[in-house]
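Below is one structure; the comments refer to it alone.
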Amino acid sequence: MFKCKTSAEVGGMGHSVKRKEDARFLHGKGKYVDDVKLPGMLHMVMVRSPYAYAKITSINKDSALAVPGVLAVITGQDLAQYNLHWMPTLLSDTQMVLPTDTVMHQNQEVCAIIATDRYAAADGADAIEIEYEPMTAIVDPFKALDKDAPLLRPDKEGQKDNHIYHWERGNREKTDAAIAKADVVVTERIYLPRIHVASIETCGCVASYDKDTEKLLVYLTTQAPHAIRTVVALVAGHVGLSEEKIRIISPDIGGGFGGKVPVYPAYVVAIAATFLIGKPVKWIEDRSENLTNGFARDYHMDCTLAASKDGKIQAFKVKTLADHGYTDSSANPSKYPTGMFSICTGSYDYEHAFAELDAVYTNKAPGGVAYRCSFRVTEAVHAIERMVDKLAHKLDMDPAMLRLNNFIKKDQFPYASPLGWSYDSGDYEATLKKAMEMVGYDDFKKEQAEKRKQGKLMGIGICTFTEVVGAGPSKDFDILGIAMFDSAEIRVHPTGKALARFGTKSQGQGHETTYAQILAEELGIPYTDIEIEEGDTDTAPYGLGTYASRSTPTAGAAAAIAARKLRDKGKKIAAYLLEVSEEDIEWEVGKYFVKGAPDKSKTIQDVVFAAYTNIPPGMEPGFEATHYYDPPNLTFPNGAYICVVEIDKETGVIDVKRFVAIDDCGNIINPMIVEGQIHGGLTQGIAPAMYEAIQYDEEGNVLNGTLMDYLVPTAVESPHWETGHTITPSPHHPLGAKGVAESPTVGAPPAIANAIIDALSPLGIQHLDIPISPDKVWEAIQAHS
Amino acid sequence: MKHNITLKINGQSVSAEVDSRMLLVHFIREHLSMTGTHIGCDTSNCGACTVLLNGKSVKSCTYLAVRADGAEITTIEGLSPEGTNHPIQQAFHDQHGLHCGFCTPGMILRTVDLLKHNPNPTESEIRWGISGNLCRCTGYNNIVKAIQQAAKEMAKEKQPAV
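Structure, rendered in C-alpha cells:
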C-alpha cells in the first residue's frame, strides 16, 4: 500500500485533504459561464429544425425583427458571405455552422436571433417564419448503406454513398483460423445505444469582441480552452481573428464528461455575432437543445469469442457499425478515428484478435464524445466483458474462474496486447480476488443456488476491465496536429507560497486540491500555501485540456517534473547558504541538509527566499519552473467490479443488492477525491446500463429530449456504492499514478448487464442490450416463459 | 403586463417591476445578480434552481416572480453569514459531497427543508428526499453521508444546554 511521505499539514500524496475549491461552490460564489454579465451584453437564441432532413425553402426574418428587442437574425446565407457557414471537425470532416439550404437532423441550428434580453430573443425565435420541404430521413444506420439509400452528403467531393470510413486493426486471417479451429465459439450482436452526458450545466458562451483593440474574449464551457483558441484562429483567421488576439476563459464548469470538448455551431455564431455587432453576445443552451445535440456511443458490435473446451480464450473478433449522424465530429485524436477501441481484447492473455469498424452517416445529430470514458473504451470493454460472460455460461463455468484462468499475469507486464497496446502494469488476479472477498462471492453463489431452487431470479455479474487513458505520447496522439502533451508552470513567491498554472481544466475533478498536493509532495510546501489556476488562455501554459482521464497522467506528471527542476535549483542555493558543495546536500520533504549533519539545514522556504534576496553568484534569480510533459506511454488503470441483483418476476423490477468496485489506478494522490470520482462514475455507469438512451422514431424525431423522459438517475436509482483499491504503480509515470475518473463508467455497465442476464439465464435468456430497464426485463420474461 | 412586486430576499427587502412571465429564477439571477441559484433544465427535473420560499424548497425555474410578491426567499448566498458555514454546507465540505458545484446550492437548500421536516432521516428517506435534485458528478454516496452528518450536527445544536 502507499505510504505518505509528508505530514498531514503539508498534505502531499496519499492524504485525504478537504478540497480547496469547495468554499466558493458552497456559498454560491462559483462563476459559471451563465453567471458572466458584461456591459451591453446581448442574448442569442438558436432557432432549430423541427425536421430530421429537409430543404429550407425560405427564411423570413421580418417577423422576428419586428419583435421589440430583437436586433438581428443571422442565417447560414449571412455567414456564407464570410465563408463561415461550414467548419472543419477534428476528424477531417465538415460540419455546418448554419445551413444555407438543407437541415440534416432534428434540432439542428437553422438561424440565430440576437436580442437585448433572453425573453425577447425567445420571442424572436417564436416569430420567425421558416419554410421547409421535408425529405425522407435515414435513421437506421444499416439502411444508410443500402444501394438505393439517398446520398446524405453530396457536398463532399468524391462521396458516393453514406459510408464515412473503414478502420481495422489486428490479423483477420489468423483470427479467423483460430476461431475456425476452436472448441467453443460464442457470438452476439451487442448494441451500445446513443446516450448523452447531460452535465447539469448545459453548454454556453459569452463572446465579446472589441472593435478598437481587435481582441476577442470568449467565456466558454470548454474542457480544452487552448485547443479551442487555436481552432478559432484556424477557422476565423481569414476574417482577422488571429491567435494572439483571442482569449478563451473557461471559468467554473458544471460538469463536462466529454460533452464540453467539441466546438458547437452556436459558439461560432456567437463569435461571428459579436465580431459583426461589436457587443458581447451570450448564448446558453437549454436542456432540450443539449440532449438533442451531441452524443456518445451508438456502436453496433458483432462479436465472436473463441476458446478451448477447458476455457482458455484463444481469439476475439469484433465488427462494428458506427452511427455518426450527419458528420463525423467525433472528439478523438487525429490518428484514432475509433478512439482507443482496440483495447477491446481486455484483461486476458491470448494471441489472436481482429477489430474492424465502418462508420456511416445518418440524419441524426453529430457528436461522438466520450460520456466520461477515454475515447470509445466503454464500447470496447462492454463487448469483451459481455462475451466472456457468455462464454462462461456456454462452458458452464464460473465467470470468475474463467477470468482468473485467462488473466494477463502480473509478471507479464509490460504486456503487448494483440491489437498493439503496451499495458503498463496491473495485478488483475489480486484485484478480482479482493472484489470477490469484499462482496462475499462464494456465499452469494450458494444463496443464488438456493434462490434458483425456489424459482427466484438472482444474478451475480462481474466485469474485470482494463482502461487506456492519458493521451498521449506525441508520436501517436494529436488533435489537429497539436501533440497531446500537457503543462505546468510553477511560481514560488519570495515568502515561500506558490501559484501554479496548468493547461488542463477541472470540471469538478478537484484539480485545485490534487495539483497542490502533487507540488506539496515534491516541494514540501504545504498544499494550503499553493494556489492553482487553469482555464485562462492568456495566463495558463498551453495544454490540450481535461478529458479521457488525462490530467493526472499528463499535467500531473508535468507538475512533478517542474517541481523537481525547482528542487534541483534549490539544492544549489542550499549548498551556497550552508557553504558546502552541492554533492554534500541531501533532500528530505521540505528541507535540504548537509550529509551526515542533519542539524545543518535550510527549509524550502529559506531557499526560496534566498532565490530572491541572496542569490548565489552567477545564478538566475527567482524560483519558477515550467514543464511540458510528453508521456512515454498511456496509463492502464483497471478494476474488478461485482454486482448482485434480484429481479421481481412479476414486474421486471431490478434491485441492485450490492455493488463492489475495486479499482487499481496506481498511486493515489487524494484517496477521498479518488473515491468520490469512482462513486460518480459508477452512477454514470448504472445510467446507461439501466436508464439512459436517446431514442428516435422512424422519421428521425427525438422521442426523449428532456429530463422528464431522458432518465438521469436520482439518488433513489443510484445504489450505495462500495469501493476499494489495489495499488500497482504505473512504472513510467513520475508519480506512479494513472487516470481514474472514468474507470467506473467503463466497468459498471457490463457488471450490471452481466448480473441481470445471469439472473435471467435460468429462463434461457442469454443477452439483452443496455439499457436493461424493467419493461425490457418484463418483456424478456414473458417471451421466455 | 408589468407588476410591482416586493419581497424579502436573504433578509433584504426588494421592490421591482416585473413582466407577468418573468420566472423567479431569472429575477434572482438577472435582476438581482445573485448567481448562486443555477438553471439546469427547463422542466423542473434537475433542482439546480432550488431556493427556500417562505421556508419551503421551491424550484424557482417554474415559479413566476410575480407569484413571489410578499414572500421571504433564501438563496444559497443567504444561508449563512459571510465567512461561516451552515452545518449543511460544512457537512458537504467534510464529506466531499460536491464535485463541480453546479447542483450544490439547490441540493443544500433542499436539504434544509428535508431536515426541517425530518430531522433524523434514514438513508432511504434521504435518497427519496433529494430525488428531485439531480447530481451528475458524485454518485450521491457522499451527499447522503453529508446529509447524515448535518442531521447529527443540527440535532446537537437543538439540544438545550445542560
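As they're listed, the protein sequences go chains A and B. Note that our numbering numbers the first sequence so that position 719 is 762, with each residue one more than the last. Note that our numbering numbers the second sequence so that position 150 is 154, with each residue one more than the last. All residues carry an ideal CB built from backbone N, CA and C; glycine is no exception.
Discussion item. What are the residues in the stretch 56–84 of chain A lying within 8 angstroms of chain B by C-beta distance?
Written reply: Lys61, Arg62, Glu64, Asp65, Ala66, Arg67, Phe68, Leu69, His70, Gly71, Lys72, Gly73, Lys74, Tyr75, Asp77, Asp78, Lys80
Worksheet entry | Sequence-distant residues of its chain with Cβ nearer than 7 angstroms to Thr769 (chain A) (five each side left out) | Asp470, Ala473, Thr474, Lys477, Ile705, Asp707
Worksheet item: Can you find a C-beta in chain A that's less than 8 angstroms from the C-beta of Ser193 (chain B)?
Response: Nothing can be reported for residue 193 (chain B), as the shown portion of chain B is limited to 5 through 166.
Item to complete: Assess, as a yes-or-no matter, whether the stretch 317–331 of chain A is touched by the stretch 416–436 of chain A under the definition of 3 or more beta carbon pairs within less than 8 angstroms.
Response: no
Item to complete: With 8 angstroms as the threshold, decide whether the Cβ of Pro109 (chain B) is near any Cβ in chain A.
Response: yes
Item to complete: Could you tell me whether the Cβ of Gln550 (chain A) comes closer than 8 angstroms to any Cβ of chain B?
Response: yes
Worksheet item: Is DSSP giving Glu532 (chain A) helix, strand or coil here?
Response: strand
Worksheet item: When we look at the beta-carbon of Gly733 (chain A) and count the other beta-carbons within 10 Å, is it buried (16 or more) or exposed?
Response: Strictly speaking, residue 733 (chain A) in this sequence is Met, with Gly absent from that position. Buried, because 16 or more other Cβ atoms sit within 10 Å of the Cβ of Met733 (chain A).
Practice prompt. In angstroms with no decimal places, state the Cα-to-Cα distance between Val274 (chain A) and Thr595 (chain A).
Written response: 24 angstroms
Worksheet item: Which residues in the same chain have their Cβ closer than 6 angstroms to the Cβ of Met344 (chain A), if we skip the five residues on either side of it in sequence?
Response: Ile233, Val361, Thr363, Ala426
Worksheet entry | Spatially closest choice to Ile207 (chain A) from A:Asp191, A:Arg340, A:Gly368, A:Tyr96, by CA coordinates | A:Gly368
Worksheet item: Mind checking if His97 (chain B) is an interface residue toward chain A, Cβ cutoff 8 angstroms exclusive?
Response: yes
Worksheet entry | Between the CA atoms of Pro777 (chain A) and Pro675 (chain A) - distance to the nearest angstrom | 11 angstroms
Discussion item. Quick check on Glu157 (chain B) - is its C-beta less than 8 angstroms from some C-beta in chain A?
Written reply: no
Worksheet item: For Thr766 (chain A), does the three-state DSSP call read helix, strand or coil?
Response: strand
Item to complete: Have a look at the DSSP bridge pairing and note the partners of Phe487 (chain A).
Response: According to DSSP, Phe487 (chain A) bridges with nothing at all.
Discussion item. Quick check on the burial criterion: 16 or more other C-beta atoms within 10 angstroms. Buried or exposed for Met444 (chain A)?
Written reply: exposed
Fill in: Start-to-end residues for the beta strand (DSSP E) that takes in Ile737 (chain A)
Element bounds for Ile737 (chain A): n/a, residue is neither H nor E.
Practice prompt. Measure the Cβ-Cβ separation of Glu244 (chain A) and Tyr342 (chain A) and say whether it is below 8 angstroms.
Written response: no
Discussion item. Quick check on DSSP: helix, strand or coil for Thr264 (chain A)?
Written reply: coil
Discussion item. Which runs of the alpha helix (DSSP H) at least 4 residues long sit entirely within the stretch 64–128 of chain B? Give them in chain order.
Written reply: 91–98, 108–121
Worksheet entry | Nearest-angstrom Cβ-Cβ length linking Ala591 (chain A) and Phe418 (chain A), presumed shorter than 8 angstroms | 6 angstroms
Worksheet item: According to DSSP, is Cys506 (chain A) helix, strand or coil?
Response: strand
Item to complete: May I have the straight-line CA-CA distance separating Ala220 (chain A) from Glu394 (chain A), to the nearest angstrom?
Response: 12 angstroms
Fill in: Rounded Cβ spacing between Gly105 (chain B) and Gly51 (chain B) (contact assumed at less than 8 angstroms)
Actually they are not in contact, since the Cβ atoms of Gly105 (chain B) and Gly51 (chain B) sit about 14 angstroms apart, beyond 8 angstroms.
Worksheet entry | Phe397 (chain A) versus Thr218 (chain A) - alpha carbon distance | 6 angstroms
Discussion item. On a Cα-Cα basis, can you pick out the residue from B:Cys139, B:Cys107, B:Ala155 that is closest to Glu127 (chain B)?
Written reply: B:Ala155
Worksheet item: Any C-beta of chain B sitting closer than 8 angstroms to the C-beta of Met481 (chain A)?
Response: no
Worksheet item: CB Gly782 (chain A) to CB Val512 (chain A), shorter than 8 angstroms?
Response: yes
Practice prompt. Starting from the Cα of Phe359 (chain A), find the closest Cα among A:Val651, A:Glu216, A:Leu562 and give me that residue.
Written response: A:Glu216
Item to complete: Figure out for me which residue from A:His827, A:Phe666, A:Val820 has the closest Cα to the Cα of Gly807 (chain A).
Response: A:His827
Discussion item. In the DSSP output, what is Cys686 (chain A) paired with across the bridge?
Written reply: A:Gly504, A:Phe702
Worksheet item: With which residues is Thr230 (chain A) paired in a DSSP beta bridge?
Response: A:Thr347
Worksheet entry | Where the stretch 723–754 of chain A meets chain B: residues whose CB sits under 8 angstroms from a CB there | Gly723, Gly724, Leu725, Thr726, Gln727, Thr749, Leu750, Met751
Item to complete: Give a yes or no on whether 8 angstroms exceeds the smallest Cβ distance from Ile243 (chain A) to chain B.
Response: yes
Worksheet item: Between the C-alpha atoms of Ile575 (chain A) and Ala606 (chain A), what's the straight-line distance to the nearest angstrom?
Response: 14 angstroms
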